[in-house]
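Presented below is the structure to which this report refers.
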Amino acid sequence: MGVPVVEAPCEAEAECAALCTSDKVYAVASEDMDSLTFGAPRFLRHLMDPSSKKIPVMEFEVAKVLEELELTMDQFIDLCILCGCDYCDSIKGIGGQTALKLIRQHGSIESILENINKDRYQIPEDWPYEEARRLFKEPDVTVDIPELKWTAPDEEGLVEFLVKENGFNQDRVTKAIEKIKSAKNKSSQGRLESFFKPVSTSAPLKRKETSEKPTKAGAGKKTKGSGGKKK
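The UniProt record's numbering puts the first residue of the sequence shown at 1, with every later residue one more than the last.
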């Protein structure tokens, strides 16, 4: 299809965040809020949602997220770990609001563990928060890549793969190829922000409708919702 592809050596969100940090792409478009934890300067949600859903694209800037939460990047990473991430469990009983309060009060996970009421909060045995922190701060990524360029679609290859090998309707495939070619042949391509009108909002992002109860990807990701813009 002519779409440039980068194969991530490890986490896709980490690779995308690194490409964004190095100005090779404008933003990271994903539904995984870990992109912010990996330090993506700009993060887009709902970009790929069907237009029929009429869900506005939301842009988050990590600098504004940190400013509104009144946290450093290191503290933000610790906040996300406290709420639960892909690399370790959360502390039972600590959700997004409590985690933010503790980080603001103590500044780091180490200080929290020294002062937390261990009768009230059960810390997981051999809790690998330090390794999780390292993975967020020093991910395995590759940014030394050629400039990303769109090329013309391989029409014969697409027909061979989609129609002959996988039984897709040839007319639909042909029409789709023509749409791709038509879009590529437009005179110019504006920057992404030119397609949307930013509207500031202070409404927190909710990845899942949850209460204070921690989940693997819920509470911490909600806390990251500051600094968003509807588009």
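Built from N, CA and C at the ideal position, the CB exists for glycine as well.
**Report entry** Residue span of the beta strand (DSSP E) that contains Met58, given as start and end
**Finding:** 58-61
Query raised in the report: For the segment 6-55, which segments carrying the beta strand (DSSP E) assignment without a break, of at least 3 residues, lie completely within its bounds, in sequence order?
Result: With a minimum length of 3 residues, the continuous beta strand (DSSP E) runs that stay inside the segment 6-55 are 42-45.
Requested in this report: Grab the span of the alpha helix (DSSP H) containing Asn115 for me, first residue to last.
Outcome: 109-115
Query raised in the report: Looking only at C-alpha atoms, which of Leu113, Gly95, Val6 sits nearest to Asp126?
Result: Leu113
Query raised in the report: At what residues does the alpha helix (DSSP H) containing Phe136 begin and finish?
Result: 129-137
Query raised in the report: From Glu110 to Thr151, what distance separates their C-alpha atoms?
Result: The alpha-carbon of Glu110 is positioned some 50 Å away from that of Thr151.
Query raised in the report: For Cys85, does the count of other Cβ atoms within 10 angstroms reach 16, so buried, or fall short, so exposed?
Result: buried
Query raised in the report: Short check: CB of Glu61 to CB of Arg45, under 9 Å?
Result: No, the pair does not count as a contact, with Cβ atoms beyond the cut-off.
**Report entry** Whether Phe43 touches Glu11 by CB criterion (9 Å)
**Finding:** no
Query raised in the report: From this set, Glu130, Asp119, Asp74, which residue's C-alpha is nearest Ile103's C-alpha?
Result: Asp74
Query raised in the report: Terminal residues of the continuous alpha helix (DSSP H) containing Ile145?
Result: Looking at the DSSP string, Ile145 is not in any alpha helix (DSSP H), and its letter there is neither H nor E.
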